[in-house]
Amino acid sequence: MEETVRILFVDDEPSVLNIMERLFLFEDYEILTATSGEEGLRKFEGSPTIHIVISDYRMPEMNGVEFLEEVYKKWPDTVRMIISGYADLDAVVQAINRGHIYKFISKPWNNTEMKVTIATALERYFLRKRNRELTESLLHKNEELRQFNERLEQLVTDRTTALMQTQEQLVQSEKLAAIGILAAGIAHEIKNPLAIITMGTEYMKSVVGDNAMLQEVADRLKQAALRADTIVKGLLSYSRQNPLSFKETDITTLIDETLTFTEHELQRKNIEVIRKYADSLPRVRVDANQIKQVFVNLLMNGIDAMPAGGSFTIRVECSENGAGKKVVQIVYADTGFGILAERIGKIFDPFFTTKDIGNTGLGLSVSKGIIDKHGGTINVESRIEEGTSFFIRLPVV
Amino acid sequence: MAEPVQILMIDDEEPFSFFVKLNLETDPRFKVTTALRGDDGLKLAKSIKPDLILLDIMMPGMFGTEVAEKLLEDPRTKDIPIIFLTAALKKDEADEMDGRIGRREFIAKPITKEELVIRIEATLELKK
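Line by line, the protein sequences are chains F and X.
For the first sequence, this note's numbering begins at 49 and goes up steadily by one.
For the second sequence, this note's numbering begins at 7 and goes up steadily by one.
Next comes the structure, spelled out in structure tokens:
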């Protein structure tokens with residue numbers, strides 16, 4: 049053993065201590081002695097690890113059991129043994145039962161037995177020590193494993209969420225592509241009848257003269273046909289495979305341009321526009337026309353949501369996306385009537401509309417498609433009677 | 007009063023041609039002749055020598071684009087301005103066709119009478 053084994057003998061009889069020292073003279077142990085419990089405790093304090101302590105029971109002031117109980121409190125690893133005559137057996141047995149004393153050595157002792165007992169006690173000491181080390185290491189490994197498991201679970205959850213989102217986007221874009229193909233296929237068949245209705249009603253209008261009722265009938269038929277045409281056009285926008293032409297752009301310029309288109313409408317509806325653009329925004333790579341289409345869609349939606357006027361706050365700021373990448377965030381916040389919670393999950397679905405007839409329900413799904421193609425995201429938050437905010441995040445160049 | 011502008015309309019959608027004719031002829035400046043098929047239209051183009059042809063693209067038998075090619079091949083008809091009418095054409099398809107049959111006017115159906123008249127006037131102005 050590399051470690052020096054220390055054994056402390058405590059006995060108020062110096063002669064007994066002498067015998068002990070001699071007994072272990074040729075052993076590889078460091079023998080310490082004390083003539084009282086108090087001295088024994090001082091030895092413990094002043095010495096490196098004491099592996100074994102053997103104390104006499106009968107000593108003035110502090111007896112052996114009291115001494116060993118003190119030792120147990122402060123140095124629980126030390127193997128504690130007591131030497132006693134049969135007269136004090138009861139007290140000793142109780143101490144053993146409390147687990148505070150490892151072994152009782154009866155007086156008078158046999159030297160060989162004493163040596164064997166000490167060897168066994170030492171073995172016990174090192175076994176316990178090793179055992180504790182192993183347990184600690186096991187607990188540590190267990191904790192590492194638990195943490196690893198936790199990380200793994202988080203990772204699986206994250207990946208699953210990402211996968212589901214991708215799948216959702218795929219399903220959505222496939223849906224849109226299918227609609228586009230269908231629309232292109234039927235556009236011809238629908239547009240011809242619409243052309244016939246339009247021309248027919250126009251002729252009616254030119255021949256019914258001042259019959260106001262028939263004029264109105266013709267007008268309404270014509271309006272209906274043109275409305276149907278708007279819907280078909282909206283559908284066709286899905287089949288357009290025009291490659292995007294990306295250019296580095298200052299996003300606020302595009303926002304301002306779309307505000308110019310809609311200025312008249314905004315003023316007419318008594319809607320105030322508040323622009324909050326952060327200073328020195330990074331540039332983005334976008335297809336200007338498509339992104340402007342998104343902005344116009346959001347403006348038109350907001351205008352429709354504020355029939356009695358209100359305000360539109362447009363914020364542009366630098367932010368980070370979920371993956372910690374730098375993005376430009378554009379927020380369109382209106383003070384309109386808001387979107388019901390049960391509807392909000394559907395607003396990016398094609399054909400979903402809460403507006404009156406004549407609306408295709410394609411504006412937001414087309415917008416989402418455009419933002420997706422830019423590698424960005426579009427989200428919505430809404431409170432009834434308070435308003436709706438759309439958040440667009442576009443990757444920075 | 008000057009002679010009315012002779013317009014030949016080639017479109018397989020009979021009711022559409024019928025209403026276009028009715029509408030345009032409410033204006034005494036226009037006289038419209040209609041054909042439902044490309045080959046009939048070609049024959050009429052040669053015989054009546056219209057001032058302008060309104061030509062549908064998607065027709066059974068001969069496509070409007072083929073009719074246009076044949077009109078261009080014939081010296082008697084090659085200078086007649088053509089306005090294509092179509093229910094399905096998209097901007098990129100129109101651009102592609104430009105290269106094949108020369109720059110032409112395109113009108114997407116449905117169209118209002120007012121728009122149609124403006125486009126016809128503009129094309130004829132161009133011709134003069």
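Built from N, CA and C at the ideal position, the CB exists for glycine as well.
Legend entry - Cβ-based burial, P34 (chain X) [other Cβ within 10 Å; buried from 16]: exposed
Inset, instruction - Decide if the segment 263-283 of chain F is in contact with the segment 310-317 of chain F; the criterion is three or more beta carbon pairs, one per stretch, under 8 Å apart. - result: no
Inset, instruction - For chain X, find out if any of its Cβ atoms is closer than 7 Å to the Cβ of E201 (chain F); answer yes or no. - result: no
Legend entry - beta strand (DSSP E) segment containing F90 (chain X), residue limits: I88 to T92
Inset, instruction - May I ask you to list the residues that DSSP assigns as paired with A336 (chain F)? - result: Paired residues: none, contrary to the question.
Legend entry - C-beta neighbour in chain X for E264 (chain F), strict 7 Å: no
Inset, instruction - Give the straight-line distance between the Cα atoms of A389 (chain F) and S430 (chain F), rounded to the nearest whole angstrom. - result: Taken atom to atom, the span from the alpha-carbon of A389 (chain F) to that of S430 (chain F) is near 8 Å.
Legend entry - Close Cβ partners of R82 (chain X) (< 6 Å) along its chain, the five nearest in sequence each way excluded: K52
Legend entry - Backbone secondary structure at V375 (chain F) - three-state DSSP: strand
Legend entry - For T308 (chain F) and V344 (chain F), believed in contact at Cβ under 8 Å, the rounded distance: That pair is no contact at about 11 Å.
Legend entry - Alpha-carbon spacing of K122 (chain F) relative to K163 (chain F), whole angstroms: 26 Å
Inset, instruction - Closer than 7 Å by beta-carbon distance: list the chain F residues that pair up with P21 (chain X), in chain order. - result: The answer, in chain order, is I244.
Legend entry - Per DSSP, cross-strand counterpart(s) of V320 (chain F): Here residue 320 (chain F) is Glu; the residue named in the question, Val, does not match the sequence. DSSP, once it has assigned bridges, lists F:S359 as partnering E320 (chain F).
Legend entry - Distance between beta carbons of V11 (chain X) and L58 (chain X), contact taken as under 8 Å: Right, their Cβ atoms sit about 7 Å apart.
Inset, instruction - Helix, strand or coil for K177 (chain F), going by three-state DSSP, please let me know. - result: helix
Inset, instruction - Using 6 Å as the cut-off, classify the Cβ of F72 (chain F) as near or not near the heavy atoms of the ligand COA, replying yes or no. - result: Of the ligands one can find in the structure shown there are none, so the ligand COA has no counterpart to examine.
Legend entry - V445 (chain F) vs E201 (chain F) beta-carbon contact at 7 Å: no
Inset, instruction - Classify M354 (chain F) as helix, strand or coil using the three-state DSSP reduction. - result: coil
Legend entry - Residue interval of the beta strand (DSSP E) (run including P21 (chain X)): Run containing P21 (chain X): none in the beta strand (DSSP E); it sits in the alpha helix (DSSP H), E20 to E31.
Inset, instruction - Sort F:N111, F:G147, F:R146 and F:T126 by Cα distance to D136 (chain F) and report the nearest one. - result: F:N111
Legend entry - Cα-Cα separation, E434 (chain F) to F385 (chain F): Rounded to the nearest whole angstrom, the C-alpha separation of E434 (chain F) and F385 (chain F) is 6 Å.
Legend entry - Any 3 or more C-beta pairs closer than 8 Å across the segment 352-369 of chain F and the segment 392-399 of chain F: no
Legend entry - Contact check, N369 (chain F) vs V376 (chain F), beta carbons under 7 Å: Between N369 (chain F) and V376 (chain F), the CB-CB gap reaches or exceeds 7 Å.
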